[in-house]
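> Attaching a single structure in structure tokens format; questions to follow.
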Amino acid sequence: ELRLVLQRCVYVAELEREMQPGRTPEEVLQRYLRSLELGIGEPNVPLLTEASRFFRMDKPHAPGYLQRIRAYYAKAMPYRIVERGDLAVVSFKPGEPVLPIFLRRDGSGLWLVDEPKVWATLHLFQDGSSRLKYDEAAYAFGIAPLEGETAPRGGRV
-13 ELRLVLQRCV YVAELEREMQ PGRTPEEVLQ RYLRSLELGI GEPNVPLLTE ASRFFRMDKP
47 HAPGYLQRIR AYYAKAMPYR IVERGDLAVV SFKPGEPVLP IFLRRDGSGL WLVDEPKVWA
107 TLHLFQDGSS RLKYDEAAYA FGIAPLEGET APRGGRV
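Residue numbering for the sequence shown follows the numbering used here, starting at -13 and increasing by one per position.
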């Protein structure tokens, strides 16, 4: 019994180290995708922004749901990362039913996942398309133009 408790403590400590903010958007993206794969829905994951932690307290998800999201992301590969200042947008193949992943660099230069900003910025439709709610949203620079548009979306950073 004690041995199992100790093994769990070691496992939790390893996960805590693995789920830290990253020095690059790519690094934190890979950690975030791993957290979805493992079904980690706790709000206190270090790679999340403070707003994301509150978002998860208010809107918790079961491990199976998070793992399903990860499977959708896997199907929507490849991704591209667009950075502007302290913000980054990870977008996936058009037509896949996934929203982009938004990242933000904190004051110490580490990148974090900004989950609630995605829901505040975009609509996701059943056909897999998504649309900006506000053209001047901070992350709009990384959202692909709508059909018929030639330039990236606006956005102020």
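Note that CB positions come from ideal geometry on N, CA and C, so glycine has one too. Computed from a prediction, not measured in an experiment: that's the story for all the values here.
1) Quick one: Cα of Thr46 to Cα of Gly93, how far?
2) Whole angstroms are fine: how far does the CA of Val84 sit from the CA of Gln6?
3) If you measure between the beta carbons of Thr107 and Leu96, is that distance less than 8 Å?
4) On the DSSP letters alone, give me the boundaries of the alpha helix (DSSP H) that Ser116 sits inside.
5) What did DSSP end up calling Ile55 once you bin it into helix, strand or coil?
6) Can you tell me which of the three DSSP states Asn30 falls into?
7) Give me the Cα-Cα distance between Arg39 and Pro131, rounded to the nearest whole angstrom.
8) Locate the beta strand (DSSP E) running through Phe88, then write down its first and last residues.
9) Looking only at DSSP bridge pairs, what is Gly8 linked to?
10) Going by Cα to Cα distance, which pick from Ala62, Leu98, Val68, Ala74 is closest to Gly81?
Taking the definition as stated:
1) Checking the sequence, you will find Pro at residue 46 rather than Thr. Approximately 27 Å between the Cα atoms of the pair.
2) 24 Å
3) no
4) Counting along the chain, Ser116 falls outside any alpha helix (DSSP H), though it belongs to the beta strand (DSSP E) covering 116 to 118.
5) helix
6) coil
7) 30 Å
8) Counted as a single uninterrupted DSSP element, the beta strand (DSSP E) harbouring Phe88 occupies residues 87 to 91.
9) Trp97
10) Ala62
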